[in-house]
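The structure appears right after this line, and notes come after that.
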Amino acid sequence: MKRIVYREWRIPPARYWGILGILAAVVGLGGLAALYLEHEGHWVTGMSNSVVWGVPHVFAVFLILAASGAINVASVGTVFNKGAYLPLGRLSGLLAVALLIGGLLILVLDLGRPDRLLVAMTHYNFRSIFAWNIYLYTGFVVLVIAYLWSMADRMGAPFKQSIGVLAFVWRLALTTATGSIFGFLVARQAFDTAFLAPMFVIMSLAYGLAIFLLVLIFSCAQDARPIGDLLLQRLKNLLGVFVAAVLYFTLVYYLTKLYGAKNYDLVGWVLLRGGIYSFTAWVGWVLLGTLVPLGIIWHPVLGRDRRWIVAACALVILGGFAALYVILIGSQVYPLQIFPGHTVVASGVVDGLRAGVAHYHPSVPEVLLGLGGVAVALVITAVGVRVLQFLPESLADPEASAPVGSGALRRFSIDEISPG
Amino acid sequence: MMKHPPEGIDQGRRALLGVAVGVTTAVVAPGLVLHAAALPSAAPPGAQRSGPVTDRVRWGLLIDTSKCAEGCRACVDACDRENGLDLQTRPAGQSGRAWADQKAVWIRKVKLADDLTGRVTNLPMMCQHCEHPPCVDVCPTGASFKRADGIVLVDRHTCIGCRYCMMACPYQARSFIHEVTHDQLTRVPRGKGCVESCNLCVSRRDQGAPSTACADACADAGHHAIVFGDLKDPRSAISQALTGLPNRQLREDLELNTGVRYAGV
Numbered sequence: 199m200k201r202i203v204y205r206e207w208r209i210p211p212a213r214y215w216g217i218l219g220i221l222a223a224v225v226g227l228g229g230l231a232a233l234y235l236e237h238e239g240h241w242v243t244g245m246s247n248s249v250v251w252g253v254p255h256v257f258a259v260f261l262i263l264a265a266s267g268a269i270n271v272a273s274v275g276t277v278f279n280k281g282a283y284l285p286l287g288r289l290s291g292l293l294a295v296a297l298l299i300g301g302l303l304i305l306v307l308d309l310g311r312p313d314r315l316l317v318a319m320t321h322y323n324f325r326s327i328f329a330w331n332i333y334l335y336t337g338f339v340v341l342v343i344a345y346l347w348s349m350a351d352r353m354g355a356p357f358k359q360s361i362g363v364l365a366f367v368w369r370l371a372l373t374t375a376t377g378s379i380f381g382f383l384v385a386r387q388a389f390d391t392a393f394l395a396p397m398f399v400i401m402s403l404a405y406g407l408a409i410f411l412l413v414l415i416f417s418c419a420q421d422a423r424p425i426g427d428l429l430l431q432r433l434k435n436l437l438g439v440f441v442a443a444v445l446y447f448t449l450v451y452y453l454t455k456l457y458g459a460k461n462y463d464l465v466g467w468v469l470l471r472g473g474i475y476s477f478t479a480w481v482g483w484v485l486l487g488t489l490v491p492l493g494i495i496w497h498p499v500l501g502r503d504r505r506w507i508v509a510a511c512a513l514v515i516l517g518g519f520a521a522l523y524v525i526l527i528g529s530q531v532y533p534l535q536i537f538p539g540h541t542v543v544a545s546g547v548v549d550g551l552r553a554g555v556a557h558y559h560p561s562v563p564e565v566l567l568g569l570g571g572v573a574v575a576l577v578i579t580a581v582g583v584r585v586l587q588f589l590p591e592s593l594a595d596p597e598a599s600a601p602v603g604s605g606a607l608r609r610f611s612i613d614e615i616s617p618g
Numbered sequence: 133m134m135k136h137p138p139e140g141i142d143q144g145r146r147a148l149l150g151v152a153v154g155v156t157t158a159v160v161a162p163g164l165v166l167h168a169a170a171l172p173s174a175a176p177p178g179a180q181r182s183g184p185v186t187d188r189v190r191w192g193l194l195i196d197t198s199k200c201a202e203g204c205r206a207c208v209d210a211c212d213r214e215n216g217l218d219l220q221t222r223p224a225g226q227s228g229r230a231w232a233d234q235k236a237v238w239i240r241k242v243k244l245a246d247d248l249t250g251r252v253t254n255l256p257m258m259c260q261h262c263e264h265p266p267c268v269d270v271c272p273t274g275a276s277f278k279r280a281d282g283i284v285l286v287d288r289h290t291c292i293g294c295r296y297c298m299m300a301c302p303y304q305a306r307s308f309i310h311e312v313t314h315d316q317l318t319r320v321p322r323g324k325g326c327v328e329s330c331n332l333c334v335s336r337r338d339q340g341a342p343s344t345a346c347a348d349a350c351a352d353a354g355h356h357a358i359v360f361g362d363l364k365d366p367r368s369a370i371s372q373a374l375t376g377l378p379n380r381q382l383r384e385d386l387e388l389n390t391g392v393r394y395a396g397v
């Protein structure tokens, strides 16, 4: 039997408040950006009638994907009975809720009428996957909070397995529905494929785990809590599998698109002639976001170095943003094919705008709004681990684990588990 | 033991009841009279609509591209005037290029060249008023809706400005109001943060007017490239023109059964 002692994050107050201060400043800037958008309207953004969803949506979708991926660590422990992952369950749940709230805040504050949130809560069109998502997102938060309760409270322990299974199924539904937001768009060539739903599930696993690893390594390092090499190797290898799976799905996504002659031009544009979008796809998504981190993760020497593992996680996150930038924005910039076999000479609006490839340049308020959402997620996480017992006192490997009980004088909770 | 009713009558209570009945009558009666006046049977045919919209009609347009003249903007200008879109002002500090793709455009002139032959075609593009509109399917609040008479509209009271409908529209027919609106027409209320598009001059429909602003302007310019009418009435001008003229829907592959048809493209 191994006892897991959870303890609040006890870094020096000055450092804690410093971290919180920086995050609060970013949240504040994001809030100001949202107010500016609300006051002026969306003309201050790079978004237009052609590119209707911009950088805020890239941030929001990334955070929502990462949220459903972050809970995966808890699922591996509870649903798939991998004992080594059990001590990570609480942090996994906290991060999942925090990331989802951050993402949803961005989505809501980017609405043309954020003041009508109540309308969105009271008027539903259930043919819309958006309407379903409102339930899936709020349900996910409720379910993960219940999951956390079952993990932290002895009274909840009997329900842990069943809540864990439900949370796992729910997160699959949530990410499938998030992918379907785009997959159901028959109008746009780059979307219009059910393949996006499983692809988003795979992406969520990679991005969620990368963020989880960064938060875990940082918070443990700050509080001098050990993380066993064995555990880190397991997590890192799992990240490698997920990143490789994203690469596979990326490949199949474009290959299936290429199967239809009508999409030759689209794929050619995204991958070769799309300027910043082609560059982002190859350099951001494939090279820096996939191949380099895979090289690090499976390198015999670098793969054992924590700093390199951190670098690999950061690159996976960067690659995630690049991938979503190409998928979300590139797909809108590419013109709608309303007249196959014809060239649009003039659009009647401004030649070169609606006639051809659209323009999109993200503005500062958009980026700040997105960063504000990320900061909200991190504030929730930082406050959570500080005031509640989310982090295990030690994640040392079993054979090298320090004797438990050093925190006997402190307030702590203990879970007794059998090694999986 | 049986109780006896009180002797005498409470005059005060009677007076109060009398006043209450009188006040209620005074308040309700005018409403009833107005409601009676507004009953469908009271409205002569072709006059202002007073009953609910029915699916006995389906409004639509036929665009005969062979008659659509290059360089002519009569339909676009008429639409702008009809719906107050000419009152839009570019926000101070916004570039002309960005504003061109941010301002509301309900109808636009498109010039096409056939990739094989080089043949040039001109046509106006607007909301295609699909029988199965993707914008209506995806709208989370139901703000995008289709009227019984086939007109696809946005309820500006429940539109939250998520723009999912714009992502879903295969025709890029919808516009988002990106800026604060300073001036607008009473019949076409507009406000920052909502989505809008061609509504087949819905206020004209409700007034019983025979055509749309774009069709009228095209006829006035002598082109007659736009025919408006009831697709369900075999005697209507549009039905007869559709019978005689080979025509098609844009993005027929999506099987949306559009209410706007094109000839010669």
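Heads up: the sequence lines are chains B and C, in that order. With the numbering used here as the guide, the letters of the first sequence map in order to residues 199 to 618. With the numbering used here as the guide, the letters of the second sequence map in order to residues 133 to 397. Even for Gly, the Cβ is constructed at its ideal location relative to N, Cα and C.
Taking a C-beta distance under 9 angstroms as the contact criterion, residue 597 (chain B) and residue 203 (chain B) do not qualify as a contact pair. The C-alpha of residue 257 (chain B) is placed about 24 angstroms away from the C-alpha of residue 439 (chain B). For residue 311 (chain C), the chain B residues whose C-beta falls within less than 7 angstroms of its own C-beta are 239 and 241, listed in chain order. With fewer than 16 neighbouring CB atoms inside 10 Å of its own CB, residue 313 (chain B) falls in the exposed class.
Residue contact check for residue 330 (chain C) against chain B: no CB pair falls below 9 angstroms. For residue 291 (chain C), the closest C-alpha among the options C:304, C:234, C:258 and C:329 is that of C:329. Contact check for residue 573 (chain B) and residue 230 (chain B): beta-carbon distance about 13 angstroms, past the 8 angstroms limit, so the pair fails to qualify.
Residue-level contact by beta carbon holds for residue 386 (chain C) and chain B, with a gap shorter than 9 angstroms. Bridge pairing for residue 277 (chain C): C:285 [DSSP].
The CB of residue 458 (chain B) never comes closer than 7 angstroms to any CB in chain C; the least such distance is about 12 angstroms.
Taking the C-beta atoms as reference points, residue 220 (chain C) is found no nearer than 9 angstroms to residue 226 (chain C). For the pair residue 335 (chain C) and residue 320 (chain C), the CB atoms are nearer than the 9 angstroms cut-off.
Straight through space, the alpha carbons of residue 377 (chain C) and residue 183 (chain C) are spaced by roughly 34 angstroms. For residue 188 (chain C), no beta strand (DSSP E) segment is defined, and its DSSP state is neither H nor E. Under the Cβ criterion of 9 angstroms, residue 229 (chain C) is counted among the residues facing chain B. Around the Cβ of residue 319 (chain B), a 10 Å sphere holds fewer than 16 other Cβ atoms; the residue is exposed. Put simply, the CB of residue 307 (chain C) is near chain B, with a gap under 9 angstroms to one of its CB atoms.
Residue 595 (chain B) and residue 225 (chain B) have their C-alpha atoms spaced approximately 37 angstroms apart.
Taking a Cβ-Cβ cut-off of 9 angstroms, residue 199 (chain C) has no neighbours in chain B, whose nearest Cβ is about 17 angstroms from it. Non-local C-beta neighbours of residue 403 (chain B) in its own chain, meaning closer than 8 angstroms and more than five positions away in sequence, comprise 267, 270, 440 and 443, ordered along the chain. At a cut-off of 9 angstroms, the C-beta of residue 244 (chain C) has a neighbouring C-beta in chain B. Residue pairing by DSSP places residue 258 (chain C) opposite C:239 in a beta bridge. Within the segment 246–264 of chain B, 246, 247, 248, 250 and 251 place their CB atoms closer than 7 angstroms to a CB of chain C, listed in sequence order. Residue pairing by DSSP leaves residue 272 (chain B) without any beta bridge partner. Distance from the CA of residue 288 (chain C) to the CA of residue 326 (chain C), rounded to the nearest whole angstrom, comes to 7 angstroms. Annotation for residue 234 (chain B): the continuous alpha helix (DSSP H) segment containing it runs 211–238.
Between the alpha carbons of residue 394 (chain C) and residue 209 (chain C) lies a distance of about 21 angstroms. Against chain B, the CB of residue 365 (chain C) has no partner CB under 9 angstroms away; the residue lies outside that interface. When only Cα atoms are considered, residue 352 (chain B) and residue 346 (chain B) end up about 11 angstroms apart. Look at the beta carbons and you see the segment 496–507 of chain B not touching the segment 450–463 of chain B: under three pairs across the two are nearer than 8 angstroms.
Three or more Cβ pairs closer than 8 angstroms define a contact, and the segment 358–365 of chain C meets that threshold against the segment 192–201 of chain C. Annotation: the continuous beta strand (DSSP E) that includes residue 541 (chain B) extends over 540–544.
Cβ-Cβ separation between residue 261 (chain B) and residue 556 (chain B): approximately 25 angstroms, too far for a contact (criterion under 8 angstroms). In the displayed model, residue 595 (chain B) falls within coil according to three-state DSSP, outside both helix and strand. Here the alpha carbons of residue 218 (chain C) and residue 148 (chain C) stand approximately 58 angstroms from one another. If you draw a straight line from the Cα of residue 241 (chain C) to the Cα of residue 199 (chain C), it comes to about 13 angstroms.
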